[in-house]
Amino acid sequence: MLSQKMTDALNEQINKEMYSAYLYMSMSVASNEMGLKGFANWFMVQYHEEMYHAMKFYEYVGRQGGKIALKAIAEPPSDFSSPLDMFPKTMEHEQFVTRSINDLMDLAIEEKDHASRIFLQWYVTEQVEEEENDNDMIAQLKLIGDNPQGLMMLDRELAGRAANVPTDFSKGVEGAAEEG
Ligand code: OFO
2 MLSQKMTDAL NEQINKEMYS AYLYMSMSVA SNEMGLKGFA NWFMVQYHEE MYHAMKFYEY
62 VGRQGGKIAL KAIAEPPSDF SSPLDMFPKT MEHEQFVTRS INDLMDLAIE EKDHASRIFL
122 QWYVTEQVEE EENDNDMIAQ LKLIGDNPQG LMMLDRELAG RAANVPTDFS KGVEGAAEEG
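Note that the numbering used here gives residue 67 to position 66 of the sequence shown, counting from 1, and the numbers run on in steps of one.
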């Protein structure tokens, strides 16, 4: 059972995760335009992760008998100049998402909503990984600086990143996670 306040907050979070997916899709487009296919791949994998995050919330609200409310997704920025322009922006965005997950957790604790608290724990852990990924990438890009060869090497490495989350939700998120 979810309170109306928790239902509304979870629905807002579905929208934030969908926006994250949209933002990373936009960065993938920009990377392709820069000729960086590996970065484009990295961001598309990130897109799939965000869709998975959104779908987990979607399924949880539904399973708890809450009314799912899908809101308009804001237009993401598209004017990026380089990977070192994009990654601090992804970091800033992930920190925003982390604060949002923390607020949800605070609400679950305040409402003694134990099911939501346990469900949200997965996201608390996930956000540590999200911020760590961005930190690592920013550090590598700073090391590379203006060296095009270094950037091409990293681009080749990022081309190998594969999605390790379910991408087909026709049988629901849990069903997809079991099959995947
Ligand atoms: Fe959903 O973790 Fe990124 O935004």
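From the three backbone atoms N, C-alpha and C, an ideal C-beta is built for every residue, glycine too.
is_contact[residue i, chain C] using C-beta, thresh 8 Å
i: T99; result: The structure shown has no chain C; it contains just one protein chain.
CB of residue i within 8 Å of CB of residue j, strictly
i: G67; j: L3; result: yes
i: D1; j: F88; result: An answer regarding residue 1 cannot be provided, because it is not within the stretch 2 to 181 covered by the chain.
i: Y25; j: F44; result: yes
i: V223; j: E50; result: Residue 223 lies beyond the residue range present for the chain, which begins at 2 and ends at 181; the question has no answer from this structure.
For residue i, three-class secondary structure by DSSP
i: E112; result: coil
i: L71; result: coil
i: G181; result: Its pLDDT being 49, under 50, G181 is placed unreliably by the model, and nothing is read from it.
i: M2; result: coil
i: V166; result: coil
i: A22; result: helix
i: E13; result: helix
Residue of the options minimising C-alpha distance to residue i
i: Y124; options: K113, N103, M138, A140; result: N103
i: Y48; options: E60, S29, D114, E13; result: S29
Cβ-heavy atom distance, residue i to the ligand OFO, below 7 Å
i: Q122; result: no
i: S171; result: no
i: Q128; result: yes
Q) Which runs of the alpha helix (DSSP H) spanning at least 4 residues fall entirely within the region 32–66, listed in chain order? A) 38–64
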